[in-house]
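Chemist:
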Amino acid sequence: MASTRLVLWDVDGTLVHAGDAAVRAFDVAVERVIGRPAGQHGVRMSGKTDPQIALEILQFARVGAGEAHAHLPLVLEHLENEAAAAVHDLQEHGRVMPGVVELLTQLHIAPDVVSSVLTGNIEPNARLKVAAFGLDRWLDLDVGAYGSDDHDRNQLVPIALAKLASQRGMELRAVDVWIVGDTPRDLECARAGGARCLLVGTGRFPTEELRALGPEAAVDDLRDVDAMYDLLTAG
């Protein structure tokens with residue numbers, strides 16, 4: 002292996018499938034703040050940050066832009082509370098994606114790999130989701146990048162690198178970073194940050210559609226653990 006690798010995992014659709022819990026949590030959080038249901042908003046959440054999703058739902062509910070931004074901190078606070086209250090439902094109805102445990106285990110014992118997350122989730126909810134399935138034991142979540150770090154996912158690679166440098170004393174280049182995700186936005190984020198990207202067809206987007214976007218690799222899932230390990234640790 003040529004140098005240390007930072008592997009940053011998306012959470013929803015890549016590491017775990019959380020069912021409909023996220024949609025319900027957003028709806029409840031917004032209703033608690035504005036005092037009425039947002040309605041059948043149909044906001045597409047895949048690949049977006051939690052603040053971005055919350056603002057889109059507030060906009061659908063005819064909340065003005067200025068008021069929506071003023072409401073945002075409280076909406077996110079309620080979102081965190083709803084996620085914590087629904088952890089047992091998450092464990093019952095959610096699941097870990099195929100190959101994830103085996104691949105995380107192999108990467109964890111590799112001498113020059115740091116695994117963390119890059120996710121649109123606010124940090125408390127990302128930590129809750131991975132811990133609910135025991136995945137936190139293989140992830141250095143303190144150097145992860147979250148929707149609570151920046152509303153724009155495309156800003157998150159430099160944030161993760163800065164955390165790795167300040168908290169672990171490790172100076173990596175962007176090209177030493179792999180983003181593993183399941184949406185076009187994961188690729189956009191990787192390209193914006195100068196990182197490489199592995200896309201998996203375990204979310205809402207078919208593998209062929211993801212492959213056509215031109216990531217370094219696209220696979221149906223992570224079951225071929227040895228091949229995925231070789232890809233993520235190669236020079």
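In my numbering, the protein residues as written are 2 to 236.
For every residue, glycine included, the Cβ atom is placed at its ideal position computed from N, Cα and C.
Within a Cβ cutoff of 8 angstroms, which residues of the same chain sit near Asp-222, ignoring the five residues on either side of it in sequence?
Modeler: So the qualifying residues of the chain are Met-98, Pro-99, Gly-100, Val-201, Gly-202, Thr-203.
Chemist: Based on the DSSP output, what are the partners of His-18 in its beta bridges?
Modeler: Note: His-18 sits in a beta bridge opposite Arg-96.
Chemist: Restricting to Cα atoms, I'd like to know which of Arg-224, Ala-218, Leu-7 is closest to Leu-108.
Modeler: For the residues Arg-224, Ala-218, Leu-7, the minimum Cα distance to Leu-108 belongs to Leu-7.
Chemist: Are the stretch 114-122 and the stretch 7-19 in contact at 8 angstroms, needing three or more beta carbon pairs?
Modeler: Yes, the stretch 114-122 touches the stretch 7-19.
Chemist: Grouping DSSP H, G and I as helix and E and B as strand, with all else coil, what is Leu-157?
Modeler: In this structure, Leu-157 counts as helix in the three-state DSSP scheme.
Chemist: Where Arg-96 and Ala-166 are concerned, what is the direct C-alpha to C-alpha distance, given to the nearest angstrom?
Modeler: Near 33 angstroms, if we compare the C-alpha coordinates of Ala-166 and Arg-96.
Chemist: Quick one: is Ile-58 buried, meaning 16 or more other Cβ sit within 10 Å of its Cβ, or exposed?
Modeler: Label assigned to Ile-58: buried.
Chemist: Under 8 angstroms by Cβ, that's how I've got Lys-164 and Val-144 pegged, so tell me the actual separation to the nearest angstrom.
Modeler: The Cβ separation is near 4 angstroms, so the contact holds.
Chemist: Taking DSSP as the reference, what is the three-state secondary structure of Ser-47?
Modeler: If DSSP states are grouped into helix, strand and coil, Ser-47 belongs with coil.
Chemist: Check the C-beta distance from Leu-136 over to Val-226 and give it rounded, since I have them as a contact under 8 angstroms.
Modeler: Not a contact, Cβ separation roughly 15 angstroms.
Chemist: State the CB to CB distance for the pair Pro-216 and Leu-173, rounded to an integer number of angstroms; the pair is presumed to be in contact (CB under 8 angstroms).
Modeler: Rounded, the Cβ-Cβ distance is 20 angstroms, inconsistent with contact.
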